[in-house]
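Inspection log for the structure reproduced underneath, given as structure tokens.
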Amino acid sequence: SSEYISFDQSDCLYRVQDEIYYYEVFRNGICRLSANDMTGYIAFKQNEYTFPEKELYNEDHTFQSFIDVCENSPFIWAHRNLFEGERFVSSTYMYKKELFWNIIDKSDYSVHSYKWVYDDLILNEVVPVEDYLYRANVQENIHYYTLSFYDFDRIMQLKKKCKKSVGEKWMVKLDDMLDENSNDIIVCFYEKK
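Those letters in the sequence shown? Residues 3 to 195, by my numbering.
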């Protein structure tokens, strides 16, 4: 196919301490780069969710037919937004038409995937990953996320409409201070050892 798929991301090449790492959205792992070589660092196990090479490089696909295959297949696709801290590697991926948050615990290389996240810091709600996790950065063992004014406001309005408790006093005060010109809220998660 003469068409290419591009994903909005700027983190496929990253550094942890003095090491440089690289990954691609349809490949099966993360590589460590050196001056003359690229070696495997973390491999995603080949299993029934692995996107098959023959589908990935099928020249008969148009852009739309490839997206249709991705959205209707039983394979993980568009593994991206990867960030690595001291203990965890987090990323997002698509499975069918849904976004998942993926966490690799480097202490035992266990993997956990989530479609929903319980936010007990700001919203005190269980929310879909796609409504909440917009990654900003990772620095050592602190992961930074952004929560846009629109998402925060939408949830606060829903709570008010349903006459639910709208949260702690600081949360109500924060809601009163924000408007559509406000910057995103930065949420920090600290990795416990």
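The beta-carbon is built from N, C-alpha and C at its ideal position, and this holds for glycine as well.
Problem set entry | Closest by C-alpha distance to Y43, when choosing among N60, I22 and E50 | Ranking the options by Cα distance to Y43, first place goes to I22.
For this session: Just list the beta strand (DSSP E) runs in the stretch 60-95, keeping only unbroken ones of 3 residues or longer that don't cross its boundaries, in chain order.
Result: Segments of the beta strand (DSSP E) lying fully in the stretch 60-95: 78-86.
Problem set entry | Coarse secondary structure for Y97, derived from DSSP in three states | strand
Exercise. In terms of residues, what are the limits of the alpha helix (DSSP H) holding E26?
Worked result: Premise fails: E26 is in no alpha helix (DSSP H) and is neither H nor E.
Exercise. By how many angstroms is the C-alpha of V18 removed from the C-alpha of K99?
Worked result: The straight-line gap separating the alpha-carbon atoms of K99 and V18 is approximately 31 angstroms.
Problem set entry | Test item: CB-CB of S93 and H81 under 8 angstroms | yes
Problem set entry | Closest by C-alpha distance to L101, when choosing among S115, T52 and N60 | S115
For this session: Go to L15, then tell me how far its beta strand (DSSP E) extends in each direction, as first and last residue.
Result: L15 to V18
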